[in-house]
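Residue numbers (my numbering), protein chains in the order written: chain D, 1 to 284; chain F, 1001 to 1292; chain X, 2001 to 2356. We put the beta carbon where it would ideally sit given N, CA and C, even for glycine. Just so you know, these numbers come straight off a predicted model, no measurement behind them.
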Amino acid sequence: MYQSKWRIFTNHTILILGALFMIMPVWIAFASSTHTREFIFQNGLQFWPGGHMIDNYGAILFDPSATKGRVTALEMLFNSMVLGLGFAIGKVIISMMAAYAIVYFRFKLAVPLFWVIFSTLLLPLEVRIVPSYEVVANLGMLNTYTGLILPLIASATGTFFFRQFYRSVPDELLEAARLDGAGPIRFFIDILVPLSVTMIAAIFIIMFVVGWNQYLWPLLMTTDDQLYTIVIGIKQVYNSLYEGGQIPQFPKAFALTIMATIPPVLVVVIFQRMFIKGLVETEK
Amino acid sequence: MKRVQFEHSAVPYLFIAPQILIISIFFLWPAAQAVYQSFLLEDAFGMSSQFVWFRNFEDVLSSASWSRSAIFTVIFSVLVAVISIAISLFLAVRADEVIRGAKSYRTLLMWGYAIAPPVAGLLGNMMFNPLMGDLYKAFNSFGFEFNHIQNANDAAFVVILIAVWKQVSVNFIFFLSGLQGIPKSVQEAATLDCKSAERRFWTITFPLLAPTTFFLLVINLTYAFFETFGIIDVSTKGSPGGATATLVYKVYVDGFIGADLGGSSAQSVLLMIMVSVLTVFQFRFIERKVHY
Amino acid sequence: MATVTLNQAEKTYPNGFKAIHGIDLAIEDGEFTVLVGPSGCGKSTLLRMIAGLESISSGEISIDGKVVNKVAPADRDIAMVFQNYALYPHMNNFDNMAYGLRNRGYSKADIESKVREAARILQLEDHLDRKPRQLSGGQRQRVAMGRAIVRQPKVFLFDEPLSNLDAKLRVDMRLEIKNLQQRLGITSVYVTHDQVEAMTLADRLIVMNGGIAEQIGTPIDIYEKPATRFVAGFIGSPAMNFLDGVISDDGKHVTVGDGVMLDIDHNIAGGRAVVAGIRPEHLSIAQAGQGTINATVRMVESLGAETLVYLDFGSKADNVTLRLQGTHNFSKNDALGLTVPADKIHLFDTESGKRL
Chain D
1 MYQSKWRIFT NHTILILGAL FMIMPVWIAF ASSTHTREFI FQNGLQFWPG
51 GHMIDNYGAI LFDPSATKGR VTALEMLFNS MVLGLGFAIG KVIISMMAAY
101 AIVYFRFKLA VPLFWVIFST LLLPLEVRIV PSYEVVANLG MLNTYTGLIL
151 PLIASATGTF FFRQFYRSVP DELLEAARLD GAGPIRFFID ILVPLSVTMI
201 AAIFIIMFVV GWNQYLWPLL MTTDDQLYTI VIGIKQVYNS LYEGGQIPQF
251 PKAFALTIMA TIPPVLVVVI FQRMFIKGLV ETEK
Chain F
1001 MKRVQFEHSA VPYLFIAPQI LIISIFFLWP AAQAVYQSFL LEDAFGMSSQ
1051 FVWFRNFEDV LSSASWSRSA IFTVIFSVLV AVISIAISLF LAVRADEVIR
1101 GAKSYRTLLM WGYAIAPPVA GLLGNMMFNP LMGDLYKAFN SFGFEFNHIQ
1151 NANDAAFVVI LIAVWKQVSV NFIFFLSGLQ GIPKSVQEAA TLDCKSAERR
1201 FWTITFPLLA PTTFFLLVIN LTYAFFETFG IIDVSTKGSP GGATATLVYK
1251 VYVDGFIGAD LGGSSAQSVL LMIMVSVLTV FQFRFIERKV HY
Chain X
2001 MATVTLNQAE KTYPNGFKAI HGIDLAIEDG EFTVLVGPSG CGKSTLLRMI
2051 AGLESISSGE ISIDGKVVNK VAPADRDIAM VFQNYALYPH MNNFDNMAYG
2101 LRNRGYSKAD IESKVREAAR ILQLEDHLDR KPRQLSGGQR QRVAMGRAIV
2151 RQPKVFLFDE PLSNLDAKLR VDMRLEIKNL QQRLGITSVY VTHDQVEAMT
2201 LADRLIVMNG GIAEQIGTPI DIYEKPATRF VAGFIGSPAM NFLDGVISDD
2251 GKHVTVGDGV MLDIDHNIAG GRAVVAGIRP EHLSIAQAGQ GTINATVRMV
2301 ESLGAETLVY LDFGSKADNV TLRLQGTHNF SKNDALGLTV PADKIHLFDT
2351 ESGKRL
């Protein structure tokens, strides 16, 4: 299509400004994380990287004292990975199965059970944190991965994604499979799951990022710092910045922030096409 | 639903059981608990409790801090939704027009989706740190006398800015794919009929994006209600004096830090009602869009 | 090899809509039966009832003498070819054909030989390793047919299998299906809305309308003696001309238009109001005058081998279509006289539409 020179020029200018708006805070955090704490304390935030990147990142990755606790950033990354993967895998499996029952079967309790699942959309975890905490405490699941992951899975978003997708699968495939002698379980395993591969991947990516970025629930759940995810770790480090009358350890706090950000950003950027497809097609 | 379905007695229950089990334990039970507790009054030591009907609700609704928080939540949510939608729409329209570097721009503008809200909050906190924050210094060097530690409006500005920054990329993704979903032939027909790009946008493109915009409005309001918890908790912590505490943040503060279970539960129940209304609204809209 | 028998088969949906009103039908072993009708007439529903994909509300369907009302689709020993192919997109073409055999526990060697044989018949040998999406529409339809024939079922069911193909391919595939069916001799039921497909493929044709079988018979029977006005209008292209008329007092003529008397070959009491049906190919041009339909040309379509002439007739401006062999030169408003042999006039009851 025809575009005037001026329009092309303003388009690029606006987009570059937009990109800078998004990137600048993260870049400044990164640049500032590569200086010594004394330097940052005296000179403020930095735009250009300094020479202490390896020192700072190495310290928080491997030295528990750098993160003000008994746990290193490496262990926090591991916890985040467990949370992200566990959440994504659990969510995908459970919602695929539930959506299959809802879409492909006629059974007595279909309608009431659908409404039970639907109702979880009405009440995000945030509005029921206090009683949720008590339930998990009663079950003795505080400070366990199970207690961390399961309550987060108790929502229907994934189920609705798969419900939408299944409904778009042509009816004739089921009919052909039935004529080919496939029962419900075989149809699910042989036909539906392989057909859903792109969808599964897209939802997996979205859920991994959502799981990795969880904040409120892990904050309440994990009193034992062995279970801190990196997102929670950042908060603890920032909280203790001004303790002990020392010069605040800003660079290491920034380094932790950057490390918390890199994995989900990489996942989203690398699997961009799949991720956008999943996000846009399912949330409709 | 499907034209053909399996008629089988046990299999569907088997498939739906895991989800129902998890929902029952970690959703229905706590939700019922919240409703039950909202009718109880505990003594100061949590030793005994007493059934007080709607007293907790009366207390919550008549308390100045709750209504203040409610008003802030509404203003905050509307501003965050409108501003971030406007910025993203503007960027998406330009990104849709660009031919050279289109992919790079898309990547540069969408990656923010992956940032955790508390990380966004920390980055904002850092930019506004009175000791070294670039934005803090910049505003004050222009003579604004900016002080978000003490001034409620300045603090609100900080949270809104962070919340908008975090949400721009999500909206951008939806708008860009909405724009790319408009048939090329429609855009070409519009170019023949209308010379001004601006007019073309408001008369052709924007009406075609209306469903996307409306959908995003709902999504953004939900985001501002709930997902900004992490942002607030690490940037202002609701200060000064609860001026930037959204309703969700207040439930947490009163329930966990203040240990007022009854009051916190009553607040939860009120929130549940509000969210239900919002969600039902959203679903009605989605059902309508099917016919669009 | 099997017969298919329908005994008062009915289908009523839960919302009360009655899609099929009691159909009786006996399909013989090896017969090619075509269900034809406009969309929504219930032809696909009937096919799917035979397949077992729709339940039967009342009545009976038997395959090879055995009532199958409660038999699962997979156990009816039938195979079906769908309009949109319904191939499994994630499996290659070999696996698509083999899937049903595997589910039935055939041995590996057996599957291999059956699929190879089907592929040979359908000329798909070079495409077995590919996925369905790498094939053209016609090839995909062949894979779908291969999936049906590997099992050597008792009955083939076809649900508008050619309607997604372009015109030329449709003709080729039509011939291929007929050829294959004759070679294998498998009882087949074929659903289509295309009357050319119906006429050319069918041993026996069932014209359906509103959930009712309007007429069952050989294609030529149906063309020559349509049982109802609906069948008469549906089969034949261009469609039959219908003129409102009255039987003359002596019962030897029908009066149409502004008093034009046409000879008829029926035995009907005089004075009765009827609908006279005349196929466009049975009209011929004559000197305008008494006993001819005097009409004026509105439009002409020259197809080369034949010419279609659309005319207005009488003061009520009835439309008449005329079909002539070869090319002809007419211009708008030319006046033509048309005649028709007495035995080519079909008469239908005005109310019921039944043939008289």
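*asked:* Between the alpha carbons of Val1158/F and Gly1143/F, how many angstroms are there, rounded?
replied: On the second sequence, position 158 is the one that residue 1158/F refers to. On the second sequence, position 143 is the one that residue 1143/F refers to. Between Val1158/F and Gly1143/F, the C-alpha separation is close to 17 Å.
Presumed contact (8 Å Cβ cut-off) between Thr198/D and Met141/D, rounded CB distance: For the purposes of this step, residue 198/D is taken as the residue at position 198 of the first sequence. For the purposes of this step, residue 141/D is taken as the residue at position 141 of the first sequence. Contact doesn't hold; Cβ gap of about 34 Å is too wide.
Report task. From the DSSP output, in three-state form, read off Tyr2310/X for me. Result -> Counting from 1 along the third sequence, the entry for residue 2310/X is found at position 310. Note: Tyr2310/X maps to strand in three-state DSSP.
Closest residue to Arg2140/X among Arg2104/X, Gln2287/X, Met2173/X and Arg2116/X (Cα-Cα distance): The sequence position of residue 2140/X within the third sequence is 140, counting from 1. Cα-wise, what sits closest to Arg2140/X is Met2173/X.
### Task
Please report how far the alpha carbon of Ala177/D lies from the alpha carbon of Ile185/D, in whole angstroms.
Within the first sequence, residue 177/D is the residue found at index 177, counting from 1. Within the first sequence, residue 185/D is the residue found at index 185, counting from 1. The alpha-carbon atoms of Ala177/D and Ile185/D are separated by roughly 11 Å.
**Contacts that Ile191/D makes with chain X (C-beta to C-beta distance below 7 Å)** = As a working mapping, residue 191/D is identified with position 191 in the first sequence. Ordered by position in chain X, the residues that pass the 7 Å Cβ test against Ile191/D are Tyr2088.
Applying a beta-carbon distance threshold of less than 7 Å, which residues of chain F neighbour Gly44/D?
Indexing the first sequence from 1 puts residue 44/D at position 44. What Gly44/D touches in chain F: Met1132.
Point to revise | Rounded distance between the beta-carbons of Val2297/X and Asp1979/X, thought under 8 Å | key: This structure does not reach residue 1979/X, given that chain X is present from 2001 up to 2356, and the question cannot be answered.
Do Glu2031/X and Gly2022/X have their C-beta atoms closer together than 8 Å?
Taking the first residue of the third sequence as position 1, residue 2031/X is located at position 31. Taking the first residue of the third sequence as position 1, residue 2022/X is located at position 22. No. Outside cutoff.
Open item on the list: Taking the straight line between their C-alpha atoms, what separation do you get for Phe1027/F and Ala110/D?
Closed with: As a working mapping, residue 1027/F is identified with position 27 in the second sequence. As a working mapping, residue 110/D is identified with position 110 in the first sequence. So the alpha carbons of these two residues sit roughly 19 Å apart.
Practice problem: Report the neighbours of Gln1167/F on chain D: residues whose CB is nearer than 8 Å to its CB, in chain order. | Solution: Start at 1 with the first residue of the second sequence, and residue 1167/F comes out as number 167. The premise fails here: Gln1167/F is roughly 11 Å from chain D at the closest Cβ pair, so nothing lies under 8 Å.
*Three-state secondary structure (DSSP) at Glu2160/X?*
Stepping through the third sequence from its first residue, residue 2160/X is reached at position 160. Looking at Glu2160/X - three-state DSSP - the assignment turns out to be coil, as it is neither helix nor strand.
Using a Cβ-Cβ distance cut-off of 8 Å, determine whether Phe2158/X contacts chain D. For the purposes of this step, residue 2158/X is taken as residue 158 along the third sequence, with counting starting at 1. Judged by the 8 Å Cβ criterion, Phe2158/X is not in contact with chain D.
Checklist line | DSSP beta-bridge partners of Glu2010/X | finding: By 1-based counting over the third sequence, the position of residue 2010/X is 10. In the DSSP output, where bridge partners are listed per residue, Glu2010/X has Ser2058/X.
Go through its chain and collect everything with a Cβ distance to Ile247/D's Cβ below 7 Å, but skip five positions before and after it.
Here residue 247/D corresponds to residue number 247 of the first sequence, with the count starting at 1. These residues qualify, in order along the chain: Arg37, Glu38 and Phe41.
Give me the chain F residues within the contact set of Val269/D, using Cβ-Cβ distance strictly less than 7 Å, ordered along the chain.
Locating residue 269/D in the first sequence gives position 269, counting from the first residue. Result: Thr1107 and Trp1111.
| Among the residues of its own chain, which have a CB less than 7 Å from the CB of Arg2024/X, if the five just before and after it don't count? | Here residue 2024/X is taken as the residue at index 24 of the third sequence, counted from 1. Looking at the sequence shown, residue 2024/X is not Arg but Asp. Excluding residues within five positions, the ones whose Cβ falls inside 7 Å are Leu2006, Asn2007 and Gln2008.
- Taking a cut of 7 Å between CB atoms, which residues from the region 172–185 of chain D lie near chain X? Glu172, Leu173, Glu175, Ala176, Arg178, Leu179, Asp180, Gly181 and Ala182
What did DSSP end up calling Val71/D once you bin it into helix, strand or coil? Residue numbering aside, residue 71/D sits at position 71 when the first sequence is read from its first letter. In the structure shown, Val71/D sits in coil (DSSP, three-state: anything other than H, G, I, E or B).
### Query
How close, in whole Å, do the beta carbons of Phe2313/X and Val2320/X come, if the pair is a contact with beta carbons under 8 Å?
Counting from one through the third sequence, the residue named residue 2313/X turns up at place 313. Counting from one through the third sequence, the residue named residue 2320/X turns up at place 320. Going by Cβ atoms, the distance from Phe2313/X to Val2320/X rounds to 5 Å, so yes, they are a contact pair.
Can a CB atom of chain D be found closer than 8 Å to the CB of Tyr2099/X?
-> Here the question's residue 2099/X lines up with position 99 in the third sequence. Yes, Tyr2099/X lies at the interface with chain D (some Cβ there is under 8 Å from its Cβ).
How long is the line joining the alpha carbons of Ala2148/X and Met2097/X, rounded to whole angstroms? Looking up residue 2148/X in the third sequence gives position 148. Looking up residue 2097/X in the third sequence gives position 97. Their Cα atoms are separated by approximately 8 Å.
ask   = Going by beta carbon distance, what residues of the same chain come within less than 7 Å of His1291/F, once the five residues before and after it are set aside?
value = On the second sequence, position 291 is the one that residue 1291/F refers to. Note on His1291/F: pLDDT 36, under 50, position unreliable in the model; the coordinate value appears next. Counting only Cβ-Cβ distances below 7 Å, and skipping sequence neighbours, we find nothing.
Expressed to the nearest angstrom, what Euclidean distance is found between the alpha-carbon atoms of Phe2082/X and Leu148/D? Taking the first residue of the third sequence as 1, we reach residue 2082/X at position 82. Taking the first residue of the first sequence as 1, we reach residue 148/D at position 148. Straight-line Cα distance between these residues: approximately 48 Å.
Check: Leaving out the 5 sequence neighbours to the left and right, which residues in its chain are closer than 6 Å to Ala1245/F when beta-carbon positions are compared?
Finding: In the second sequence, the residue the question calls residue 1245/F occupies position 245. For Ala1245/F, where only same-chain residues beyond five positions count, the Cβ hits under 6 Å are Ser1069 and Gly1238.
_Given this structure, state the Cα-to-Cα distance separating Phe2230/X from Thr1222/F, to the nearest angstrom._
Here residue 2230/X refers to the residue found at position 230 of the third sequence. Here residue 1222/F refers to the residue found at position 222 of the second sequence. C-alpha separation (whole angstroms): 58 Å.
Can you find a C-beta in chain D that's less than 8 Å from the C-beta of Gln1150/F? Counting from one through the second sequence, the residue named residue 1150/F turns up at place 150. Not an interface residue.
>> Does chain X have any CB closer than 8 Å to the CB of Leu227/D?
In response: Stepping through the first sequence from its first residue, residue 227/D is reached at position 227. Cβ-Cβ to chain X under 8 Å: no for Leu227/D.
Would you please state the rounded distance, in angstroms, between the beta carbons of Leu15/D and Tyr1105/F? I believe it to be under 8 Å.
Counted from its first residue, the first sequence places residue 15/D at position 15. Counted from its first residue, the second sequence places residue 1105/F at position 105. At roughly 5 Å, the Cβ-Cβ gap stays under 8 Å, so Leu15/D and Tyr1105/F are in contact.
So that I know if they touch, is there some Cβ in chain F lying closer than 8 Å to that of Tyr145/D?
Within the first sequence, the letter at position 145 stands for residue 145/D. No, because no Cβ of chain F sits closer than 8 Å to the Cβ of Tyr145/D.
Query raised in the report: Between the region 2049–2069 of chain X and chain D, which residues of the former have a C-beta closer than 9 Å to a C-beta of the latter?
Result: Ala2051, Gly2052 and Leu2053
message = With a threshold of 8 Å between beta-carbons, can Arg2133/X be considered close to chain D, or not?
response = Residue numbering aside, residue 2133/X sits at position 133 when the third sequence is read from its first letter. No - not a single Cβ of chain D is within 8 Å of the one on Arg2133/X.
- Query: How many whole angstroms separate the CB atoms of Val2274/X and Leu2347/X, which I take to be in contact at a CB cut-off of 8 Å?
  - Reply: Here the question's residue 2274/X lines up with position 274 in the third sequence. Here the question's residue 2347/X lines up with position 347 in the third sequence. Right, the Cβ-Cβ distance comes to about 5 Å (below 8 Å), so this counts as a contact.
- Message: For chain D, check one thing: does any of its Cβ atoms lie closer than 8 Å to the Cβ of Pro1207/F?
- Response: Your numbering for residue 1207/F matches position 207 in the second sequence. No, no contact with chain D.
CA-to-CA distance, Ile93/D to Ala101/D, given in whole angstroms: Translated into the one-based positions of the first sequence, residue 101/D becomes position 101. Translated into the one-based positions of the first sequence, residue 93/D becomes position 93. Going from the Cα of Ala101/D to the Cα of Ile93/D covers about 13 Å.
Check: Quick one: any contact between the region 210–225 of chain D and the region 20–33 of chain D, if contact means 3 or more CB pairs under 8 Å?
Finding: no
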